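Residue numbers (my numbering): 130 to 404. Ideal Cβ placement from N, Cα and C applies to all residues, glycine included. Predicted model, so just to flag it, every value in this text is computed and none were measured. Reading through the structure tokens given below for one structure.
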Ligand code: SAM
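Below is the structure:
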């Protein structure tokens with residue numbers, strides 16, 4: 130790692146002034162980056178899929194941990210900077226210039242890998258929902274280690290009857306375990322964002338039988354789409370949902386935020402059985 134030029138030099142040499150539209154807030158502190166790279170518990174040779182490597186700070190930490198990294202970066206200015214890592218980590222890094230929203234991760238070699246990313250805020254939640262709502266489970270990824278705005282991170286790990294509990298909490302917890310692994314002060318980024326951040330670690334667990342991601346997705350969307358309403362109102366137009374409330378003996382005057390993740394799974398199972 131000593132042969133690597135400082136990230137500040139890389140940024141200056143390649144003219145990587147932060148582009149707000151691309152959600153660019155770079156991390157330069159190698160100790161913090163190593164700490165994040167340790168979260169998934171990588172073994173040498175493991176594959177990591179990284180979205181948005183930027184100038185490559187996290188990429189360096191992951192390569193330093195012995196991982197093979199497949200990275201997708203939308204900003205063409207970063208590609209030459211990332212190519213400089215190749216001689217130091219031969220055959221360990223594949224960089225693809227592209228939009229992570231449009232990429233088929235398995236086609237580019239990310240299959241069976243850990244996903245580790247300091248995500249661009251504008252696409253972070255969309256990518257998370259996509260990775261959490263795959264029908265095939267266990268998923269193609271082994272774990273997710275993702276930086277979010279702290280407020281989003283709190284929503285992912287929230288428990289019922291708390292203000293942050295919502296759709297993201299249920300999607301992240303009905304067949305996965307989610308926890309906040311590292312809190313990151315805004316001053317750690319260049320430039321610093323307005324809010325604090327946190328790294329969330331998510332590991333897949335056993336999926337409940339007879340419940341599809343599509344049904345959980347539709348149910349949570351209806352329930353939390355109108356989170357202040359009673360369930361009998363918010364679930365009114367979702368087929369079989371009112372019958373499911375009756376069959377599971379969940380009081381239809383309750384609000385979505387009071388239901389446990391297990392309650393959502395029970396409702397989804399009845400909806401699915403009746404569909
Ligand atoms: N990983 C670097 C770090 O930790 O310093 C950069 C993180 S920065 C928050 C987000 C990165 O994602 C930027 O490099 C940005 O160009 C890239 N990016 C933004 N939108 C993207 C997209 N749709 N697909 C791939 N990369 C994207």
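For residue i, the nearest candidate out of the options (CA to CA)
{"i": "residue 288", "options": "386, 133, 331, 153", "result": "386"}
{"i": "residue 403", "options": "162, 372, 378, 329", "result": "372"}
{"i": "residue 132", "options": "252, 360, 143, 189", "result": "189"}
{"i": "residue 375", "options": "388, 366, 361, 293", "result": "361"}
{"i": "residue 327", "options": "148, 135, 162", "result": "162"}
{"i": "residue 312", "options": "151, 247, 150, 214", "result": "247"}
{"i": "residue 146", "options": "366, 205, 273, 177", "result": "205"}
{"i": "residue 352", "options": "158, 284, 295", "result": "295"}
{"i": "residue 237", "options": "245, 244, 243, 225", "result": "225"}
{"i": "residue 342", "options": "400, 285, 261", "result": "261"}
{"i": "residue 256", "options": "269, 242, 243, 231", "result": "231"}
{"i": "residue 401", "options": "384, 347, 357, 340", "result": "340"}
{"i": "residue 291", "options": "141, 173, 356, 166", "result": "356"}
{"i": "residue 220", "options": "213, 197, 144", "result": "197"}
{"i": "residue 207", "options": "140, 252, 217, 239", "result": "140"}
{"i": "residue 414", "options": "165, 137, 158", "result": "Since the first residue shown for the chain is 130 and the last is 404, residue 414 is missing from the structure and cannot be characterised."}
{"i": "residue 137", "options": "210, 149, 173", "result": "210"}
{"i": "residue 259", "options": "293, 365, 346", "result": "346"}
{"i": "residue 135", "options": "184, 310, 354", "result": "184"}
{"i": "residue 271", "options": "242, 229, 199, 212", "result": "242"}
{"i": "residue 303", "options": "388, 251, 280, 142", "result": "388"}
{"i": "residue 416", "options": "365, 316, 380", "result": "Because the chain is modelled from 130 through 404, residue 416 falls outside the range shown and cannot be assessed."}
{"i": "residue 318", "options": "370, 212, 276", "result": "276"}
{"i": "residue 143", "options": "283, 384, 213, 380", "result": "213"}
{"i": "residue 151", "options": "335, 250, 159, 384", "result": "250"}
{"i": "residue 218", "options": "280, 167, 193, 176", "result": "193"}
{"i": "residue 176", "options": "160, 149, 223, 159", "result": "223"}
Residue environment, residue i, which counts as buried when at least 16 other CB atoms sit within 10 Å
{"i": "residue 314", "result": "exposed"}
{"i": "residue 234", "result": "buried"}
{"i": "residue 382", "result": "exposed"}
{"i": "residue 154", "result": "buried"}
{"i": "residue 298", "result": "buried"}
{"i": "residue 227", "result": "exposed"}
{"i": "residue 320", "result": "exposed"}
{"i": "residue 301", "result": "buried"}
{"i": "residue 392", "result": "buried"}
{"i": "residue 169", "result": "buried"}
{"i": "residue 181", "result": "buried"}
{"i": "residue 278", "result": "buried"}
{"i": "residue 363", "result": "buried"}
{"i": "residue 390", "result": "buried"}
{"i": "residue 395", "result": "buried"}
{"i": "residue 130", "result": "With a pLDDT of only 47 at residue 130, under the threshold of 50, the placement of this residue in the model should not be trusted; the figure read from the coordinates follows. Answer is exposed; the Cβ neighbour count stays below 16."}
{"i": "residue 174", "result": "exposed"}
{"i": "residue 306", "result": "exposed"}
{"i": "residue 216", "result": "exposed"}
{"i": "residue 350", "result": "exposed"}
{"i": "residue 354", "result": "exposed"}
{"i": "residue 282", "result": "buried"}
{"i": "residue 200", "result": "buried"}
{"i": "residue 335", "result": "exposed"}
Any C-beta of chain D under 8 Å from that of residue i
{"i": "residue 233", "result": "Among the chains in the structure shown there is no chain D, since it carries only a single protein chain."}
Whole-number beta carbon distance between residue j and residue i, since they are thought to touch under 8 Å
{"i": "residue 191", "j": "residue 179", "result": "7 Å"}
{"i": "residue 195", "j": "residue 171", "result": "7 Å"}
{"i": "residue 267", "j": "residue 337", "result": "About 13 Å; that fails the 8 Å criterion."}
{"i": "residue 286", "j": "residue 308", "result": "6 Å"}
{"i": "residue 348", "j": "residue 397", "result": "5 Å"}
{"i": "residue 274", "j": "residue 229", "result": "About 15 Å separates the two Cβ atoms, so there is no contact after all."}
{"i": "residue 399", "j": "residue 369", "result": "7 Å"}
Residue i beta carbon near ligand 2 (any heavy atom closer than 7 Å)
{"i": "residue 310", "result": "Among the ligands modelled here, namely ligand 1, ligand 2 does not occur."}
Lining residues of ligand 1 - beta-carbon closer than 6 Å to any non-hydrogen atom, in sequence order
151, 152, 153, 154, 155, 156, 180, 181, 182, 183, 186, 187, 201, 202, 203, 204, 207, 228, 229, 230, 247, 249, 252
At what residue ranges does the region 185-233 contain a whole run of the alpha helix (DSSP H), taking only runs of 4 or more?
186-193, 205-212
In chain order, each alpha helix (DSSP H) run of at least 4 residues that lies wholly inside the region 269-310
279-286, 296-302
Threshold first: 3 residues or longer. Then list the beta strand (DSSP E) segments lying entirely within the region 314-384, N to C.
326-333
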